[in-house]
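A short write-up of the structure that comes next.
Residue numbers (the numbering used here), protein chains in the order written: chain A, 69 to 651; chain B, 229 to 500.
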């Protein structure tokens with residue numbers, strides 16, 4: 069019997085093929101029947117920065133890393149030592165490192181982790197191969213992955229490279245695989261070989277796929293990490309379905325371009341990250357006032373300002389909710405995890421089109437860049453439909469309907485000619501400064517969002533218990549991993565992940581939070597943005613007697629389920645002892 | 229087909245412009261040009277930003293979008309690329325296009341999407357009551373300074389030329405017939421066309437009434453870049469007519485085609 073859930077990390081200088089090595093292991097394990105995750109972590113440099121491929125293999129679907137790495141492959145200590153505290157290791161961790169590398173950091177020595185020094189550089193030079201490929205072979209040996217399949221996958225992954233390079237990669241893998249390691253390690257269990265196909269994707273790719281399935285046919289883009297590869301995926305795939313991508317001169321332009329396309333009746337999106345979203349906020353106000361459907365995907369990175377572009381955070385919540393000037397009701401959504409990305413992007417496109425307003429979908433770098441090997445993901449099974457007008461001579465673009473949704477004329481439709489306007493306008497669309505018109509149109513734009521039935525998609529609730537944990541985005545899977553250890557400690561916690569952040573699903577949350585003794589809001593930002601949002605919208609209301617706790621921590625290091633267990637245990641234990649939790 | 233007269237392309241709304249404003253002429257000339265070309269109203273969209281001139285779309289009876297300051301060209305670009313069969317015009321002012329929106333102006337010239345830009349240049353911020361604009365002449369009163377402006381004005385035609393515009397013209401609001409002709413040519417021109425209109429502001433720059441006596445036609449229309457460069461270099465800012473008319477590859481090159489039977493075909497790349 070072997071291991072059924074294992075996390076490992078490969079680290080080295082950027083440009084040395086750390087991520088490629090991780091992908092090979094992920095694909096090989098997936099072929100063996102394992103679910104897997106590859107989290108990419110790298111510095112902002114193109115070459116030479118710290119680079120890590122963090123992997124987890126499990127017999128269950130996984131979207132986060134385990135609390136501790138059982139295996140580490142270190143190509144060069146010099147690169148990784150400054151970041152050593154950001155990696156989770158202990159005395160049970162087996163570390164393989166290059167003999168020629170710099171000194172082993174003190175933290176590793178103190179942890180009593182087992183370190184195995186291998187002449188990686190020397191071997192690579194002798195055999196004219198690459199260190200990362202020898203590393204892949206070594207890891208495959210320890211994990212018990214079949215070398216023949218690994219070699220086949222390598223050939224496939226490198227099929228566009230030179231033959232000599234592929235040959236040397238195979239040499240490296242075989243060298244590592246056959247190397248006599250003086251250590252013991254429990255390999256992955258042999259699974260009943262299941263030949264079923266598996267899906268391999270990143271969150272960014274899946275957001276694009278879900279959006280195209282929902283009907284997006286125009287994209288305007290300005291490159292920004294970590295949203296760029298989402299835009300690159302769309303560029304290629306949008307073309308296949310007859311859509312167009314325009315690379316704009318800046319984010320001010322990209323958001324306005326999609327406003328233009330959507331005004332023309334073509335469902336449109338742009339993707340960006342924090343600073344780009346800031347540049348778009350004025351135009352988002354225009355889209356709200358002129359009632360133009362559109363989707364902005366924000367792949368959150370560390371902020372503020374340029375911040376940590378290559379690493380994850382959940383700190384753009386405040387700006388997604390509140391950045392707009394004036395009273396500006398709009399929708400904010402978030403995927404429940406990596407495999408939920410297509411569902412949420414498809415749902416978001418539908419909401420935008422049906423409600424004729426902008427939707428900001430909050431993803432993050434962890435979701436966007438991580439690769440998962442898993443089953444077919446869920447999709448939102450509907451192509452978006454906008455309520456278009458059948459205009460006659462008395463057509464009114466901003467008709468004050470009961471639902472708040474006014475049938476929209478599209479250029480090309482006879483009798484529908486109107487001027488969309490960011491100025492306060494009456495039902496005809498004519499600029500107007502009358503108080504009753506301002507009130508009427510603000511009411512209408514708010515009403516259409518509040519009256520809409522969002523159905524069961526507002527969020528996901530897992531487990532029962534009177535301790536309620538609330539979160540959104542990538543950290544859900546980490547918190548989910550903490551639920552079983554908590555149950556084992558006698559703490560029954562229920563996990564609520566919000567897919568709809570604005571308008572806040574107050575009634576559904578009140579239902580989910582009834583009988584709560586503790587409410588713990590966990591989020592990856594410094595200020596506790598979700599906690600304060602929920603406090604202002606929900607917790608202030610009468611009937612909330614639960615103890616409130618905020619666990620907020622900025623990036624770039626992901627939460628670990630172990631620290632969540634510790635936090636929840638501490639917060640709820642204090643109360644049992646009659647003390648006041650003061651978090 | 230019955231001939232639609234210019235009035236057909238105007239709405240019933242009364243413009244907010246001051247009596248004598250050059251923008252009235254531009255509105256009438258646009259209506260005349262659309263009438264001459266006998267364009268179907270619902271197939272035309274006029275996009276604008278913010279400023280006196282940007283109020284124009286609502287005074288027409290075609291589709292319009294009155295957007296935000298400086299961003300008319302991106303909205304127009306998105307619309308035209310998504311709906312290439314439409315005729316798309318952008319109307320803007322010197323503040324909207326040459327100050328807050330300059331970046332978009334440069335890239336619209338470079339990109340060469342098949343649409344027309346009309347900039348109504350009165351050398352002043354009218355709507356905010358008379359601050360200097362990027363095209364204000366040195367020596368004019370500057371409301372945001374204790375002194376007269378001493379900054380060199382921007383040269384819109386030169387900027388358009390080096391940025392790649394393929395149809396460059398100047399008109400004057402006191403010569404509506406010429407403006408109509410230039411507009412017809414610009415709309416018919418494949419690619420990005422730019423019309424710089426000297427558009428008098430009678431309220432803040434009454435001296436612009438004197439333009440009538442000062443405007444002169446360009447010596448010629450050329451398709452030669454070097455020649456156009458030479459003419460524009462010697463331009464005093466008061467010459468009118470089409471100065472540059474060249475054919476250049478329009479972007480995007482062709483209408484995109486659906487190349488998959490179903491969008492679900494995209495799934496294949498993820499299934500291993």
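The beta-carbon is built from N, C-alpha and C at its ideal position, and this holds for glycine as well.
Where residue i falls, given that 16 or more other Cβ within 10 Å makes a residue buried
i             : result
residue 454/A : buried
residue 446/B : buried
residue 233/B : exposed
residue 166/A : buried
residue 160/A : exposed
residue 465/A : buried
residue 158/A : exposed
residue 280/B : buried
residue 570/A : buried
residue 475/B : exposed
residue 419/B : buried
residue 228/A : exposed
residue 650/A : Note on residue 650/A: pLDDT 46, under 50, position unreliable in the model; no value is reported.
residue 536/A : buried
residue 579/A : exposed
residue 483/B : exposed
residue 299/B : buried
residue 423/A : buried
residue 294/A : buried
residue 492/B : exposed
residue 250/A : exposed
residue 499/B : exposed
residue 461/A : exposed
residue 647/A : For residue 647/A, the pLDDT reaches just 47, beneath the cut-off of 50, and the residue's location in the model is therefore unreliable, although a value from the coordinates is still provided. Residue 647/A comes out exposed.
C-beta contact flag for residue i and residue j at 8 Å
i             : j             : result
residue 574/A : residue 581/A : no
residue 592/A : residue 627/A : yes
residue 321/B : residue 328/A : no
residue 363/A : residue 440/A : no
residue 467/A : residue 495/A : yes
residue 479/B : residue 339/B : yes
residue 129/A : residue 77/A  : no
residue 585/A : residue 565/A : no
residue 448/A : residue 339/A : no
residue 624/A : residue 407/A : no
residue 110/A : residue 374/A : no
residue 186/A : residue 164/A : yes
residue 311/A : residue 284/A : yes
residue 431/A : residue 279/A : no
residue 267/B : residue 274/B : no
residue 71/A  : residue 118/A : no
residue 395/B : residue 422/B : yes
residue 367/B : residue 432/B : no
residue 385/B : residue 424/B : yes
Sheet register partners of residue i (DSSP bridge)
i             : result
residue 481/B : Per DSSP, none; premise fails for residue 481/B.
residue 472/B : 396/B and 450/B
residue 663/A : Only positions 69 to 651 of chain A appear in this structure, which leaves residue 663/A out of reach.
residue 619/A : 590/A
residue 536/A : 562/A and 587/A
residue 257/A : The partner list for residue 257/A (beta bridge, DSSP) is empty, contrary to what the question assumes.
residue 140/A : 77/A and 163/A
residue 267/A : 442/A and 499/B
Supposed close pair residue i, residue j - CB separation, criterion 8 Å
i             : j             : result
residue 200/A : residue 85/A  : 4 Å
residue 390/A : residue 446/A : Going by Cβ atoms, the distance from residue 390/A to residue 446/A rounds to 30 Å, so no, they are not a contact pair.
residue 471/A : residue 516/A : 6 Å
residue 96/A  : residue 259/A : Incorrect: roughly 13 Å between the Cβ atoms, too far for contact.
residue 334/A : residue 306/A : Actually they are not in contact, since the Cβ atoms of residue 334/A and residue 306/A sit about 11 Å apart, beyond 8 Å.
Proximal residues of chain E, C-beta to C-beta of residue i below 9 Å
i             : result
residue 462/A : This model lacks chain E altogether, as its protein chains are A and B.
The ligand ADP heavy atom lying under 7 Å from the CB of residue i
i             : result
residue 514/A : Annotation note on the ligand ADP: not contained in the displayed structure, which lists no ligands.
Item to check | Sequence ranges, beta strand (DSSP E) only - wholly within the stretch 372-442 of chain B, length at least 3 | outcome: 395-400 and 421-426
Next on the checklist: Report the start-end ranges of each alpha helix (DSSP H) in the stretch 281-317 of chain B that is 4 residues or longer and not cut off at the edges.
Outcome noted: 300-310
Checklist entry - Of all the beta strand (DSSP E) runs that stay within the bounds of the stretch 396-472 of chain A, which reach a length of 3 or more residues? => result 399-401, 426-432 and 439-442
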